[in-house]
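Q: Once you've had a glance at the structure underneath, I'll fire off some questions.
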Amino acid sequence: YAFNTQSKQLEQTTRSTVAANPTLYTNPVDVKESDIRKDTELARQLGDAQLNLSRYRSAAQKLDTLSLSEQRAVAALVGEDKFKAEFMGAQIPTDWLNKLLTGENWRTLPTTAQDAVIGYIGARGAVIAYQKAVSGSGRANKEQLELELQNIPNPLLPKDVREAQFDRFQQNIDQTGAGLPKMVGVERPKEIQQRIEAEEAQKQGATHVYDPNQKKAVPVGTWLQRHFQGIPGVKPL
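Start counting the sequence shown at 8; every next residue gets the next number (our numbering).
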């Protein structure tokens, strides 16, 4: 690992790369292969958590544009006792999910509401990935999982309450990933968050997005391509 003076973060690299770029990298440290595997796995787990959280947050923000009748339809769906029971379980049964996504209540929802409900269900993945990262175990503790699931904001909470819960979960992810080296081929949680926000801004017609590195607004397409092109799992522009 070595400190990148340009990005201001610790990165996975090689001795030859450090030697070839003496002004870019400082303070190289040799690490064991086992440590690299451990940090890579942690980075991927936190990345999974961030991806699911960011996607749900993006979808939930659109719920505020729904009509009262559409909001009631969402409430009727996610408020069902069966929904609550399956959502809070250790895992979601496939047959229940299939029935949910083909039922009459589902078909009456507008696409915006469907996206939010799917994001809400998918946010379970954020909790599970975060739990695994924190515990260092490949399996999530059932009791702790149930507690963490309660922190996922219901899609129909008032906007300020919902955003406050999102912020708390985001802070947990940020804190867990603090000091984690930038691993080769793996997006950091903050990079995933920025990418999802930029992609959403582009969908909404935004032409520019704020680049924290340059500290100015830059064309959104150019920013996405420069920062994320070539990363596994990122679609080409």
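Every residue, glycine too, gets a C-beta built ideally from N, C-alpha and C.
Using a Cβ distance threshold of 8 Å, determine whether the region 120-129 contacts the region 159-172, with at least three qualifying pairs required.
A: With the cut-off at 8 Å, the region 120-129 and the region 159-172 touch.
Q: Among V141, E198, L154, R175, which one has its Cα closest to the Cα of K45?
A: The sequence position of residue 45 within the sequence shown is 38, counting from 1. Closest by alpha carbon: V141.
Q: Measuring CB to CB, does T12 end up less than 8 Å from M190?
A: If you number the sequence shown from 1, residue 12 lands on position 5. If you number the sequence shown from 1, residue 190 lands on position 183. No. Outside cutoff.
Q: Taking buried to mean at least 16 other C-beta atoms within 10 Å of its own C-beta, is Y8 buried or exposed?
A: Start at 1 with the first residue of the sequence shown, and residue 8 comes out as number 1. Result: buried.
Q: What's the C-alpha gap between A123 and Q151?
A: As a working note, residue 123 is residue 116 in the sequence shown. As a working note, residue 151 is residue 144 in the sequence shown. Answer to the nearest angstrom: the Cα atoms are 25 Å apart.
Q: Assuming A56 contacts A133 (C-beta within less than 8 Å), just tell me the rounded distance between them.
A: Walking along the sequence shown from the start, residue 56 turns up at place 49. Walking along the sequence shown from the start, residue 133 turns up at place 126. That belief holds up - the Cβ atoms of A56 and A133 are roughly 4 Å apart, short of 8 Å.
Q: Contact between the region 161-181 and the region 49-64: three or more CB pairs below 8 Å?
A: These segments touch.
Q: Would you please state the rounded distance, in angstroms, between the beta carbons of L60 and Q177? I believe it to be under 8 Å.
A: By one-based count along the sequence shown, residue 60 stands at place 53. By one-based count along the sequence shown, residue 177 stands at place 170. 7 Å between Cβ atoms; contact.
Q: Tell me whether K139 sits in a helix, a strand or coil according to DSSP, three-state version.
A: Position 132 of the sequence shown, counted from the first residue, corresponds to residue 139. Helix.
Q: Would you list the one or two residues that DSSP bridges to E18?
A: The sequence position of residue 18 within the sequence shown is 11, counting from 1. According to DSSP, which records beta bridges pairwise, E18 is partnered with A9, K189.
Q: By the 10 Å Cβ neighbour count, where 16 or more other Cβ atoms means buried, how is K39 classified, buried or exposed?
A: One-based indexing of the sequence shown puts residue 39 at position 32. When all chains shown are included, K39 counts as exposed.
Q: Using C-beta distances below 7 Å, list every residue in its chain close to V25, excluding the 5 sequence neighbours before and after it, in chain order.
A: Your numbering for residue 25 matches position 18 in the sequence shown. Contacts found: A9, Y32, P35.
Q: For T33, does the three-state DSSP call read helix, strand or coil?
A: For the purposes of this step, residue 33 is taken as residue 26 along the sequence shown, with counting starting at 1. If DSSP states are grouped into helix, strand and coil, T33 belongs with the strands.
Q: DSSP three-state call for R79: helix, strand or coil?
A: Taking the first residue of the sequence shown as 1, we reach residue 79 at position 72. Reduced to three states, the DSSP call for R79 is helix.
Q: Have a look at E198 and Q157 and give me their C-alpha separation to the nearest angstrom.
A: On the sequence shown, position 191 is the one that residue 198 refers to. On the sequence shown, position 150 is the one that residue 157 refers to. Their backbone Cα atoms lie some 26 Å apart in a straight line.
Q: Once the 5 residues before and after Q182 are set aside, which same chain residues still bring their CB inside 6 Å of it?
A: In the sequence shown, the residue the question calls residue 182 occupies position 175. None.
Q: Taking the straight line between their C-alpha atoms, what separation do you get for D167 and D88?
A: For the purposes of this step, residue 167 is taken as residue 160 along the sequence shown, with counting starting at 1. For the purposes of this step, residue 88 is taken as residue 81 along the sequence shown, with counting starting at 1. Spanning the two alpha carbons is a distance of roughly 25 Å.
Q: From P196 to I180, what does the alpha carbon distance come to, in whole angstroms?
A: Taking the sequence shown and counting its residues from 1, the one referred to as residue 196 is at position 189. Taking the sequence shown and counting its residues from 1, the one referred to as residue 180 is at position 173. Approximately 8 Å between the Cα atoms of the pair.
Q: Quick check: what's the CA-CA separation for G184 versus T20?
A: If you number the sequence shown from 1, residue 184 lands on position 177. If you number the sequence shown from 1, residue 20 lands on position 13. About 19 Å.
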